[in-house]
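Here is the structure we will look at.
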Amino acid sequence: MAEGGMESSPAVCCVSVRSSLLFLLLCPSVLSQQDVRPNFLLFMVDDLGYGDVGCFGNDTIRTPNIDRIASEGAKLTHHLAAASMCTPSRAAFLTGRYPVRSGMAAHHGIRYLPNIASTGGLPPNETTFATLLKQAGYATALIGKWHLGLHCASTGGLCHHPNNHGFDYFYGTPITNFRECGEDGESIYYMSHLYAIYKQICWAYLAGAASLLLMKFLGKIHVRWLPLLTLVTLCTLVIAFPKVFLVQLRPWNCLLMENEKVAEQPYSLRDLTPNLVNKSLKFIDENAGRPFFLFHSFLKVHTALFATKEFEGRSLHGRYGDNIEEMDWAVGRILDALDQKGLSHKTFVYLTSDNGGHVEEISVKDGQREGGHNGILRGGKGMAGWDGGIRMPTVLRWPKDIRPGTVVDEPTSQMDVFPTVLRLAQLNTPADRVIDGRDLMPLLTGTKNLTDHRFLIHYCGSRIHAARYRPPTGGSIWKAHYATPKWDPGTEGCYEIFLCQCRGDYVNHHDPPLLFDVANDPFERSPITPESEPKFAEIISTIDKGVKDHMSSVEQVENQFSLRNILWRPWLQPCCGHFPFCSCTDVA
Ligand SMILES: *[C@@H]1O[C@H](CO)[C@@H](O)[C@H](O)[C@H]1NC(C)=O
Ligand SMILES: *[C@@H]1O[C@H](CO)[C@@H](O)[C@H](O)[C@H]1NC(C)=O
Ligand SMILES: *[C@@H]1O[C@H](CO)[C@@H](O)[C@H](O)[C@H]1NC(C)=O
Ligand SMILES: *[C@@H]1O[C@H](CO)[C@@H](O)[C@H](O)[C@H]1NC(C)=O
1 MAEGGMESSP AVCCVSVRSS LLFLLLCPSV LSQQDVRPNF LLFMVDDLGY
51 GDVGCFGNDT IRTPNIDRIA SEGAKLTHHL AAASMCTPSR AAFLTGRYPV
101 RSGMAAHHGI RYLPNIASTG GLPPNETTFA TLLKQAGYAT ALIGKWHLGL
151 HCASTGGLCH HPNNHGFDYF YGTPITNFRE CGEDGESIYY MSHLYAIYKQ
201 ICWAYLAGAA SLLLMKFLGK IHVRWLPLLT LVTLCTLVIA FPKVFLVQLR
251 PWNCLLMENE KVAEQPYSLR DLTPNLVNKS LKFIDENAGR PFFLFHSFLK
301 VHTALFATKE FEGRSLHGRY GDNIEEMDWA VGRILDALDQ KGLSHKTFVY
351 LTSDNGGHVE EISVKDGQRE GGHNGILRGG KGMAGWDGGI RMPTVLRWPK
401 DIRPGTVVDE PTSQMDVFPT VLRLAQLNTP ADRVIDGRDL MPLLTGTKNL
451 TDHRFLIHYC GSRIHAARYR PPTGGSIWKA HYATPKWDPG TEGCYEIFLC
501 QCRGDYVNHH DPPLLFDVAN DPFERSPITP ESEPKFAEII STIDKGVKDH
551 MSSVEQVENQ FSLRNILWRP WLQPCCGHFP FCSCTDVA
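The sequence shown maps to residues 1 to 588 in my numbering.
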């Protein structure tokens with residue numbers, strides 16, 4: 001673990017020898033200040049839906065540990081991710097800023113970083129709260145998923161790596177879990193109907209070329225060899241390419257790193273949950289005597305699904321349910337470690353999901369639903385405006401100030417964690433940039449009962465699809481949709497293309513916008529009309545103005561998803577063993 005800065009910090013020196021009476025006498029004021037600084041334990045689950053958690057209304061899935069955080073602390077029923085996809089959502093979470101401000105909002109259809117050997121990622125001049133905590137002497141670690149880039153330059157340099165964004169210690173995947181990382185050979189490419197059509201065209205093409213070849217061979221027709229053979233070769237390549245690509249995707253994308261070294265490639269999923277839990281327990285054990293920040297970022301419950309033997313077939317909801325229950329078990333193990341070390345009273349605990357359940361995730365093999373369930377909310381992952389994509393099951397616990405069983409129904413944002421954490425750690429929020437998050441504590445302690453977010457803007461990539469407006473009085477929370485994804489007929493998902501898109505023919509535009517009162521109609525079932533709401537025009541113009549003001553605060557920055565920035569560069573591929581056959585197993 002990095003030791004940098006320790007010698008220069010008297011607070012840390014004090015604690016590392018805290019048993020020494022001499023030091024107690026020498027620096028009592030520093031020590032008492034040290035004592036009040038909280039630890040932070042933040043959990044982020046991948047693709048967990050609003051309806052997948054017991055305390056959010058699911059009575060058949062077992063999540064006792066998450067429920068316990070809520071009953072000992074608070075439940076945020078209207079807590080919003082800044083994006084309905086992982087990369088931008090996580091960028092906003094760690095920086096307290098809308099993804100568009102850091103260039104982490106895509107202009108095109110690929111809204112997450114698709115490979116690790118490219119140059120896009122969270123820019124070095126963006127400041128995460130991990131960086132600020134680390135500078136203040138906290139021990140910091142990220143265990144699990146990162147997905148905010150690795151290298152900035154074509155020459156390497158790892159500037160997007162978690163170690164360079166405030167985490168002393170990193171163990172996990174620099175990218176994400178993919179369906180391709182499973183051992184069953186399932187792939188999202190196979191799930192897309194586009195791929196099926198494409199494959200059929202290719203086979204037809206190849207069959208045509210083969211019959212031409214045969215007829216030529218039998219002397220029935222007269223064509224030249226060269227063009228014919230070229231055609232056949234091309235066809236074969238076209239069919240073979242995705243296959244080769246898929247076979248290679250697993251070793252290339254499914255890897256674990258420990259700090260800057262590849263630890264396991266491709267990773268084995270079976271014991272991944274206890275493996276990551278062990279790393280977190282070790283970190284807590286080693287840092288129990290000083291303030292720490294642990295970000296346990298699950299690879300679950302994204303596909304490929306995986307569970308230890310113990311959890312296989314245990315839930316009432318198939319593989320997906322097993323994954324939720326194993327994830328909850330992991331949360332419990334880490335909370336138990338806090339209890340055992342006597343740290344629970346001084347540790348701020350928070351759990352959320354990066355985006356909503358992925359409704360289009362269905363196994364090709366046996367038709368099981370492998371994506372989350374968004375409960376009382378409409379839509380899901382990838383659908384930027386519908387609450388199913390962005391309203392996250394969120395619980396937190398902070399025994400010092402939050403009464404057990406607190407419920408906050410006001411709209412809040414994951415970007416709020418940034419200023420909240422900094423305030424609890426008695427640190428200033430950066431003043432040289434726009435911070436979109438607001439301190440959560442006044443709402444959590446009841447000194448305020450109205451959110452500071454008059455408006456929340458809902459982006460799909462770099463486009464604004466919707467905006468939410470909380471008027472200062474009254475019980476309504478308005479949401480205007482300017483654009484919504486076109487769902488497949490008779491469904492509420494984009495099954496044909498697997499994930500809804502943000503622009504062009506893939507969306508419907510609404511003018512006037514589709515308006516809902518999400519406080520009273522969380523499923524967004526009944527659109528508000530000028531007939532049903534006399535203030536319709538006024539509400540819409542207020543929201544329009546809120547959106548305009550927001551837009552005028554956004555500066556142009558380099559886009560991290562530009563084609564240049566997402567291009568796969570073989571020489572940047574982390575690889576243990578001999579490229580392209582990267583392979584090693586964790587010996588740690
Ligand atoms: C509970 O979660 C499972 C798994 O996502 C889902 O299939 C089920 O419908 C949910 N039940 C309720 C009552 O929300
Ligand atoms: C986790 O740690 C426990 C206790 O030290 C050990 O028994 C177990 O094998 C470890 N599991 C993994 C997957 O590393
Ligand atoms: C909360 O709301 C009520 C009614 O809207 C108001 O009377 C009360 O003063 C508010 N409390 C706080 C702490 O702001
Ligand atoms: C980071 O650097 C870029 C490029 O110079 C600049 O456009 C952007 O405003 C900077 N961001 C911050 C937060 O300073």
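We put the beta carbon where it would ideally sit given N, CA and C, even for glycine.
CB-CB under 6 Å to residue 253, same chain, minus the five flanking residues each way: which ones, in chain order? As a first step, residue 253 must be located in the sequence shown, where it is residue number 253. Counting only Cβ-Cβ distances below 6 Å, and skipping sequence neighbours, we find 175 and 178.
State the start and end residues of the unbroken alpha helix (DSSP H) segment that holds residue 442. Here residue 442 corresponds to residue number 442 of the sequence shown, with the count starting at 1. 441–445 is the extent of the alpha helix (DSSP H) around residue 442.
Taking the Cβ atom as the reference point for each residue, do residue 411 and residue 477 lie within a distance shorter than 9 Å? For the purposes of this step, residue 411 is identified with residue 411 of the sequence shown, where counting begins at 1. For the purposes of this step, residue 477 is identified with residue 477 of the sequence shown, where counting begins at 1. Result yes, Cβ atoms of residue 411 and residue 477 sit closer than 9 Å.
Within 10 angstroms of the Cβ of residue 414, are there 16 or more other Cβ atoms? Answer buried if so, exposed if not. Along the sequence shown, one-based indexing puts residue 414 at 414. The residue is buried, with at least 16 neighbouring Cβ atoms inside 10 Å.
Work out the CA separation of residue 314 and residue 440 for me, nearest whole Å. As a position in the sequence shown, residue 440 is number 440, starting the count at 1. As a position in the sequence shown, residue 314 is number 314, starting the count at 1. If I take the Cα positions, the gap works out to 37 Å.
Pick out every residue whose C-beta is nearer than 7 Å to a heavy atom of ligand 4: which are they, in chain order? 123, 125, 126, 432, 433, 555, 557 and 558
Residue from 119, 276, 583 and 101 whose Cα sits closest to the Cα of residue 561: Translated into the one-based positions of the sequence shown, residue 561 becomes position 561. Comparing Cα positions, the closest option is 119.
Taking the alpha helix (DSSP H) that residue 500 belongs to, which residues open and close that run? Stepping through the sequence shown from its first residue, residue 500 is reached at position 500. First-last for residue 500: undefined, no H or E at that position.
Supposed close pair residue 666, residue 325 - CB separation, criterion 8 Å: For the chain, the structure presents residues 1 to 588; residue 666 sits outside this window and is missing.
Please list the segments of the alpha helix (DSSP H) lying wholly inside the segment 250–315, counting only runs of 4 or more residues, in order along the chain. 272–287
Touching or not, the segment 104–122 and the segment 153–167, by the rule of three or more beta carbon pairs under 8 Å? yes
Segments assigned beta strand (DSSP E), at least 3 residues, entirely inside the segment 42–70: none
Using beta-carbon positions only, say whether residue 272 and residue 306 come within less than 9 Å of one another. Residue mapping note: residue 272 aligns to position 272 of the sequence shown, counting from 1. Residue mapping note: residue 306 aligns to position 306 of the sequence shown, counting from 1. Result yes, Cβ atoms of residue 272 and residue 306 sit closer than 9 Å.
Measure how close the beta-carbons of residue 389 and residue 375 come, nearest whole angstrom, since I'm counting them as under 8 Å. On the sequence shown, position 389 is the one that residue 389 refers to. On the sequence shown, position 375 is the one that residue 375 refers to. With 8 Å as the limit, residue 389 and residue 375 do not qualify as a contact, their Cβ atoms being about 13 Å apart.
Beta-carbon proximity of residue 46 to residue 145, cut-off 9 Å: In the sequence shown, the residue the question calls residue 46 occupies position 46. In the sequence shown, the residue the question calls residue 145 occupies position 145. Against a cut-off of 9 Å, the Cβ pair of residue 145 and residue 46 comes out as a contact.
Does residue 224 pass the burial test, meaning 16 or more other C-beta atoms within 10 Å, or should it be called exposed? For the purposes of this step, residue 224 is taken as residue 224 along the sequence shown, with counting starting at 1. Its Cβ having fewer than 16 others within 10 Å, residue 224 is exposed.
What three-state label does DSSP hand residue 628 in the structure shown? Lying before the first or after the last residue shown, residue 628 is absent from the chain, which here runs from 1 to 588.
Beta-ladder partner(s) of residue 478, from DSSP: As a position in the sequence shown, residue 478 is number 478, starting the count at 1. DSSP, once it has assigned bridges, lists 469 and 517 as partnering residue 478.
Leaving out the 5 sequence neighbours to the left and right, which residues in its chain are closer than 7 Å to residue 409 when beta-carbon positions are compared? Translated into the one-based positions of the sequence shown, residue 409 becomes position 409. Answer for residue 409: 77 and 78, listed in chain order.
Cβ-heavy atom distance between residue 60 and ligand 1 below 8 Å? In the sequence shown, residue 60 corresponds to position 60, counting from 1. Checking the Cβ of residue 60 against ligand 1 gives yes.
Inter-residue spacing [alpha-carbon to alpha-carbon] between residue 115 and residue 462: Position 115 of the sequence shown, counted from the start, is the residue given in the question as residue 115. Position 462 of the sequence shown, counted from the start, is the residue given in the question as residue 462. When rounded, the distance between both Cα atoms is 20 Å.
Check the DSSP bridge columns for residue 349 and list the partner residues they point to. By 1-based counting over the sequence shown, the position of residue 349 is 349. Answer by DSSP bridge pairing, in chain order: 41 and 397.
Endpoints, beta strand (DSSP E) assigned at residue 458: If you number the sequence shown from 1, residue 458 lands on position 458. Its beta strand (DSSP E) spans residues 455–460.
Quick check: is any heavy atom of ligand 1 less than 8 Å from the C-beta of residue 358? Numbered from its first residue, the sequence shown carries residue 358 at position 358. Outside the cutoff, so no.
Completely contained alpha helix (DSSP H) runs for the segment 513–559, where each covers 4 or more residues: 536–552
Tell me which residues pass a beta-carbon proximity test against ligand 2: closer than 6 Å to any heavy atom, given in chain order. 271, 274, 275 and 278
Who are residue 145's beta bridge partners in DSSP? Position 145 of the sequence shown holds residue 145. According to DSSP, which records beta bridges pairwise, residue 145 is partnered with 173.
With DSSP run on the structure shown, which of helix, strand or coil describes residue 216? Within the sequence shown, residue 216 is the residue found at index 216, counting from 1. Looking at residue 216 - three-state DSSP - the assignment turns out to be helix.
Check this for me: beta carbons of residue 418 and residue 129, under 9 Å apart or not? Numbered from its first residue, the sequence shown carries residue 418 at position 418. Numbered from its first residue, the sequence shown carries residue 129 at position 129. Yes.
In chain order, which continuous runs of the alpha helix (DSSP H) of length 4 or greater are located wholly inside the segment 364–439? 387–390 and 417–424
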